[in-house]
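These notes concern the structure reproduced below.
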Amino acid sequence: LDLPVVTEENLEEFVKPDLPDSFWNITKLSEEKVKELFSR
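Here my numbering is used: position 2 in the sequence shown is 26, and no number is missing along the way.
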């Protein structure tokens with residue numbers, strides 16, 4: 025798993041305000057599965 029570098033320029037790609045802070049955004053899960061498992 026390649027870990028991307030989070031910078032000020034790409035921060036919006038990694039911030040998910042609708043998910044809990046405990047969610048680690050670097051995942052192989054689909055967007056649908058993430059929402060199913062982690063939605064508040």
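For each residue, glycine too, the CB sits at the ideal point set by N, CA and C.
If you're wondering where the values come from, they're calculated on a predicted model, not measured in any experiment.
Reduced DSSP category for residue i - H, G, I as helix; E, B as strand; rest coil
i, result
"E33", "coil"
"F62", "helix"
"F38", "helix"
"K57", "helix"
Residue i versus residue j: straight-line alpha-carbon distance, rounded
i, j, result
"N34", "S63", "23 Å"
"F47", "V58", "9 Å"
Residue closest to residue i, alpha-carbon to alpha-carbon, out of the options
i, options, result
"L27", "E55, T51, E60, L61", "T51"
Contact check, residue i vs residue j, beta carbons under 8 Å
i, j, result
"F38", "V30", "yes"
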